[in-house]
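Heads up: the structure comes next, in structure tokens.
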Amino acid sequence: MFLVVRLLIIAVIGATAGLGSVWLALESGVFDTAPRIGPWRLQAGGGGPSANPYAVAENARAGRIGLGPAEGIAVVAATDSAGNPLEPICHYAVEGAIPAAELWTLSVTDEAGNLPRNPAGRTGFTSRDAIRTADGSLVVIVGRTARPGNFVPTGTLGSVVLTLRLYGSGLAARLPGPDRLPAIRRLECGGGRGR
Amino acid sequence: MTGALVRSLIAGLLIAGIVHVVAVLMIPKVAPNDATGRVRSVANLGNVTLIPSDGSVLTDLDPYFLHAVCPFDTAGGTTTTLTGTLPDEVWTLAVVSRAGGMVAGFEQDAAPDGVVSLTVGLADAVERLRLASAAAASGFTVEAPAGPGFILVRVAAADIESRPATLRALGGLTCAATERPASLGPAPLAPLPPINLEPTGQLRPALPLPVPAPR
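Listed in order, the protein sequences are those of chains B and P.
So the first sequence is numbered by the working numbering: it starts at 1 and just counts up by one.
So the second sequence is numbered by the working numbering: it starts at 1001 and just counts up by one.
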């Protein structure tokens, strides 16, 4: 009888702690080893034998495939450059340099990947329609109420995630440094002033 | 009594570690809602299907691109070939396999004229095509692990005006599955052993080396 109880304890601990730790690891991203470039996190595509198994499992769960090395790179930001989470009630300036690429696109979604809905159908900017400053750098404002210049209305999104995709086959082999990707600066939140 | 319980606790934690590792490694193979499962829920084998970029099928597609998928299943030696002409735009092809992740990718410089012919299959099937068909040699061939997957075609449609032409080009793609010829006998049941000792005594990798993506 005592042997049965012991086996039961072993089985229960093994199953709950084993599966629970998997869930915790995937939800918390504690084993997320993706390179970070300023506020941007490289969204690895592909998989393969050398990929982080936690990233492969998380991508499989979420149905993500990313961009392969031959396609380009995608970087994702859920925080501003100061490390604070992007808040849907705030306005942000995405500003700075962007590496040379065949084409780049900057899109705004929520954490689930839903695009903002607005009459203009504006969900981001690309290298073909973004207005550059005189020195060639980029300024895109993201927020709920309209601003002059390159502006993406976030509408009713409950969270804000920025995804910058750079297309070109050589980009994955030479990742840009933080000074080569735009910074994300919080402007104002709600009715108050930000930084 | 206490010692037995402590030993049970330690044994349980050891089992938990094994369960943890096995579960992490198994999730990509059994997750029903992975990228391949999502694509197969909206697209049939042998058909090119346009999928929306709004995250309803695959969660991380670029909204400034139009996307089409060509599902395949390499099991049994079936090869699948995507052919057609892509517009003079930024485009990429990605071969995604449930068992192997993204196994290959190509971008528009690989076919400057936009004419693409991409064949996916098991290693022996692709090798047979390479040897037997001069036509296949002019296109791309990709060896994928056994099982389902899909070819994802991404074409930039950043300009609204270009979307109709891009949609027509994607609609003109064909996705054809070819069964393994019966004359070749049954398909291999399992991956070959990792090392094959040749009669000459030389070691040769049994699995083919990965084909680098053309630049």
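For glycine and all other residues, C-beta sits at the position ideal for the given N, C-alpha and C.
Quick caveat, the model's predicted, so the values are computed rather than measured.
- Under the 10 Å beta carbon count, Ser1056 (chain P) is surrounded by fewer than 16 other beta carbons and is classified as exposed.
- Within chain B, the residues whose beta carbon sits less than 7 Å from that of Pro1028 (chain P) are Val56, Ala57 and Ala60, listed in sequence order.
- Taking Phe125 (chain B) as the centre and dropping the five residues before and after it, the same chain places the C-beta of Leu106, Val140 and Asn150 closer than 6 Å to its C-beta, in chain order.
- Counting only runs of 4+ residues, the alpha helix (DSSP H) found wholly inside the stretch 1003-1071 of chain P occupies 1035-1040, in chain order.
- Within the stretch 38-80 of chain B, the complete beta strand (DSSP E) segments at least 3 residues long are 40-42 and 72-77, listed from N- to C-terminus.
- Excluding its 5 nearest sequence neighbours in each direction, Thr133 (chain B) has C-beta neighbours in its own chain below 7 Å: Val139, listed in chain order.
- Gly1105 (chain P) sits in a strand when the DSSP states are folded into three classes.
- Excluding the 5 residues flanking it on each side, Thr1036 (chain P) has same chain C-beta neighbours closer than 7 Å at Val1096, Arg1098, Pro1148, Gly1149 and Phe1150, in chain order.
- Per the Cβ contact rule, the stretch 105-122 of chain B is not in contact with the stretch 1003-1010 of chain P (fewer than 3 Cβ pairs under 8 Å).
- The CB of Glu102 (chain B) comes closer than 7 Å to the CB of Val1090 in chain P, given here in chain order.
- The beta-bridge partner set that DSSP reports for Thr1141 (chain P) consists of P:Thr1119.
- Counting the other Cβ atoms within 10 Å of the Cβ of Asn59 (chain B) gives 16 or more, which makes it buried.
- Chain order gives no chain B residues near His1067 (chain P), where near means a beta carbon separation below 9 Å; the closest approach is about 11 Å.
- By the 16-neighbour rule on beta-carbons within 10 angstroms, Trp23 (chain B) is exposed.
- Ser1008 (chain P) reaches chain B at Arg6, Ile9 and Ile10, counting residues in chain order whose Cβ is nearer than 7 Å.
- Apart from sequence neighbours up to five positions away, the residues of its chain that approach Cys1175 (chain P) with a beta-carbon distance below 7 Å are Gly1046, Asn1047, Val1048, Cys1070, Thr1080 and Leu1082, ordered along the chain.
- Boundaries of the alpha helix (DSSP H) around Ile10 (chain B): Phe2 to Ser28.
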